[in-house]
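**Student:** Provided herewith is a single structure, encoded as structure tokens, for subsequent inquiry.
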Amino acid sequence: GEDVEQSLFLSVREGDSSVINCTYTDSSSTYLYWYKQEPGAGLQLLTYIFSNMDMKQDQRLTVLLNKKDKHLSLRIADTQTGDSAIYFCAEIRWFQKLVFGTGTRLLVSP
Amino acid sequence: DSGVTQTPKHLITATGQRVTLRCSPRSGDLSVYWYQQSLDQGLQFLIQYYNGEERAKGNILERFSAQQFPDLHSELNLSSLELGDSALYFCASSVGGLAEDNEQFFGPGTRLTVL
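Here the protein sequences line up with chains A and B, keeping their order.
Going by our numbering, the first sequence opens with residue 300, and the numbers climb by one from there.
Going by our numbering, the second sequence opens with residue -11, and the numbers climb by one from there.
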């Protein structure tokens, strides 16, 4: 199908790791992205991964890419209350179209 | 603050009306992208302009149109508004014209409510 799928909701305790999963559809996507949307704000690019990579680490963020299964994940280590937000994965489709996932709401409790 | 500005922040209007949303990209950015975020459709790409020219088109309705002016600001025009057009409309900008090679910086959005 056309949809980029994500689980709707994730709840973790402060200090734990969070793993947000995404299943995308276009095997020819060259870049895959993770965006963060805080309440009342626009989207902020967190990180991205090029399709020929399996993993990318950026401070507390680790992105894993399984091209065979078209599965992307974002791991946030030592999750903080400030990480509470909606997280969107996105892929580039034909004609430069950025297609977003359904979004995962992360709630971090103290 | 991403450097992308959008006006107005909120807009309330009636069905059948026409509205214009405005976006000023970051200084130096040539591309402007418009997105719609609604509860039922999620976040969808509408259209992209690069240096005044339409570059890519997404799920934009025929009732909607956009343009980018010589000073690179952009306007999104929504006409014959329907209840289902109520959404958050985001503008983003990037330096270059290729969406995959250029980070997009998002504005805070315009919340449109159609009554």
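Note that beta-carbon positions come from the ideal geometry of N, C-alpha and C, so glycine has one too.
Let me see if you follow: with CB-CB separation under 7 angstroms, is GLY30/B close to chain A or not?
**Tutor:** Closer than 7 angstroms to some Cβ of chain A, the Cβ of GLY30/B qualifies, so yes.
**Student:** Would you identify the three-state DSSP class for THR322/A, choosing helix, strand or coil?
**Tutor:** THR322/A falls in the strand class under three-state DSSP.
**Student:** What in chain B is Cβ-close to PHE399/A, meaning under 9 angstroms?
**Tutor:** Those within 9 angstroms of PHE399/A in chain B are TYR23, GLN25, GLY30, LEU31, GLN32, PHE33.
**Student:** Give the interface partners of GLY402/A over in chain C, defined as CB-CB distance under 8 angstroms, in chain order.
**Tutor:** The displayed structure is made up of protein chains A and B, and chain C is not among them.
**Student:** How big is the Cα-Cα spacing for GLY300/A and PRO338/A?
**Tutor:** Residue confidence is low: GLY300/A scores 42 on pLDDT, short of 50, so the model does not pin down where it sits. Its coordinate-derived value is still stated next. Taking the straight line from one Cα to the other gives about 29 angstroms.
**Student:** For GLY300/A, does the three-state DSSP call read helix, strand or coil?
**Tutor:** With a pLDDT of only 42 at GLY300/A, under the threshold of 50, the placement of this residue in the model should not be trusted; the figure read from the coordinates follows. Of the three classes helix, strand and coil, the one that applies to GLY300/A here is coil, per DSSP.
**Student:** Name the DSSP beta bridge partners of VAL398/A, please?
**Tutor:** Beta-bridge partners assigned by DSSP to VAL398/A: GLU390/A.
**Student:** Output, in sequence order along the chain, the residues in the segment 381 to 392 of chain A whose CB is closer than 7 angstroms to any CB in chain B.
**Tutor:** PHE387, ILE391
**Student:** Fully enclosed by the segment 8 to 90 of chain B, which beta strand (DSSP E) runs are 3 residues long or longer?
**Tutor:** 19 to 26, 30 to 38, 41 to 45, 52 to 56, 62 to 66, 75 to 82
**Student:** For THR(-7)/B, report the span of its beta strand (DSSP E) as first-last.
**Tutor:** -7 to -5
**Student:** Just the chain B side, please: which residues come within less than 8 angstroms of LYS396/A by C-beta, in chain order?
**Tutor:** PHE33, ALA44, GLY46, ALA87
**Student:** Could you spell out where the beta strand (DSSP E) holding SER327/A opens and where it closes?
**Tutor:** Unbroken run through SER327/A: none, as it is neither H nor E.
**Student:** Helix, strand or coil for THR378/A, going by three-state DSSP, please let me know.
**Tutor:** Residue state, collapsed to three classes: coil.
**Student:** Whole angstroms are fine: how far does the CA of VAL362/A sit from the CA of TYR347/A?
**Tutor:** Our two residues, TYR347/A and VAL362/A, have alpha carbons roughly 8 angstroms apart in a direct line.
**Student:** Would you tell me roughly how many angstroms separate the C-alpha atoms of VAL303/A and LEU66/B, rounded to the nearest one?
**Tutor:** 27 angstroms
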